[in-house]
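When the letters of the sequence shown are read in order and numbered with this note's numbering, they come out as residues 2 to 224. First up is the structure itself, then whatever we jot down about it.
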Amino acid sequence: MSFTSIIIVLIYLMVLAFLGWKGYRSTKTASDYLVAGRGVHPYIMAMSFGATFISTSAIIGFGGTAGVFGLGVLWLTFLNIFVGIFIAFVFFGKRTRTMGHHLNAHTFPELLGRRYQSKFLQVAGGVVILSMVVYAAAVLTSACRSLEGMYNIDYNVALALIAVIVTAYVITGGLKGVMYTDALQGTIMFVGMVLFLIMTFSKLGGVSEAHKKLEETYDKAYT
2 MSFTSIIIVL IYLMVLAFLG WKGYRSTKTA SDYLVAGRGV HPYIMAMSFG
52 ATFISTSAII GFGGTAGVFG LGVLWLTFLN IFVGIFIAFV FFGKRTRTMG
102 HHLNAHTFPE LLGRRYQSKF LQVAGGVVIL SMVVYAAAVL TSACRSLEGM
152 YNIDYNVALA LIAVIVTAYV ITGGLKGVMY TDALQGTIMF VGMVLFLIMT
202 FSKLGGVSEA HKKLEETYDK AYT
């Protein structure tokens, strides 16, 4: 790992630590810890949601899928965003927030249980959350593989490092710490993807030329 890379990683880790500490300092109640006090700046909320929704599988995995099956799969992205995000937020977002505030619910299972007065639904909602463990494991694995490839760090060392850092700001900073760090990483992801797209098309001579070269190298890349 070069000296410059070490400095960049250290700065990044220090910023994460600062944001986690900021979340810890502003967390005073259970509501602050679990739902960020129900009051977060729209930019922080949007970038946090984006960083959570658009993970490694979307950036790397979906890009590879589009390379194999064609750009037509981008319709899945459109439908996912339009139906899964836009419609859900417009038609259910405000109502769900109002209901959660009225019922003093801090988690989705708690909201289901209190809304329908059903312990079964509350437990069922909790079981659904357990499935996120598998998703989180996949994201951790991809992050560790990225560090392993970019900085020649042993996989187990990368896993321990990421697990300690993430656990530290999640436990101490609560949802505020999570959203602050997510917003930072979402911003980095957005800027990085835009720059990557511009640089790629510029390097290959434009959008049309880039797609032509992709077609020419398709057989070599996937055989």
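Note that beta-carbon positions come from the ideal geometry of N, C-alpha and C, so glycine has one too. All of these numbers come straight from a predicted model, not from anything done at the bench.
Would a C-beta distance cut-off of 8 Å place residue i and residue j closer than the cut-off?
i    : j    : result
Y170 : G51  : no
C145 : I166 : no
A211 : T201 : yes
Y152 : S27  : no
M15  : A184 : no
G65  : G174 : no
L196 : H107 : no
G126 : F109 : yes
In three-state terms, what does DSSP make of residue i?
i    : result
G207 : coil
S56  : coil
T28  : coil
N105 : coil
G175 : helix
Q123 : helix
D155 : coil
V129 : helix
H42  : coil
Q118 : coil
S6   : helix
G65  : helix
A71  : Reading the sequence as shown, one finds Gly at residue 71 and not Ala. Three-state result, G71: coil.
In angstroms, rounded to a whole number, what distance separates the CA positions of residue i and residue j?
i    : j    : result
L176 : L205 : 42 Å
F63  : V140 : 14 Å
V179 : L160 : 19 Å
Y181 : L122 : 31 Å
E111 : I86  : 22 Å
A37  : H103 : 16 Å
F54  : K213 : 31 Å
G68  : L77  : 14 Å
F92  : A137 : 28 Å
M46  : S32  : 16 Å
I9   : R96  : 43 Å
T188 : I12  : 16 Å
L113 : V128 : 13 Å
T142 : N81  : 24 Å
F4   : S147 : 18 Å
G1   : I60  : The structure shown does not extend to residue 1, since the chain is modelled only from 2 to 224, so the question has no answer here.
S56  : E149 : 18 Å
N105 : T30  : 13 Å
V124 : T168 : 25 Å
The segment 108-118 touching the segment 131-140, judged by at least three CB pairs closer than 8 Å: With a cut-off of 8 Å on Cβ pairs, the segment 108-118 is not in contact with the segment 131-140, counting fewer than three such pairs.
At least 3 beta-carbon pairs within less than 8 Å: the segment 153-170 vs the segment 61-78: Segment contact: the segment 153-170 against the segment 61-78, fewer than three CB-CB distances shorter than 8 Å; contact not assigned.
Contact the segment 35-42 vs the segment 186-193: 3+ CB pairs below 8 Å: Contact check between the segment 35-42 and the segment 186-193: fewer than three CB pairs, one atom from each, fall below 8 Å, which does not count as touching.
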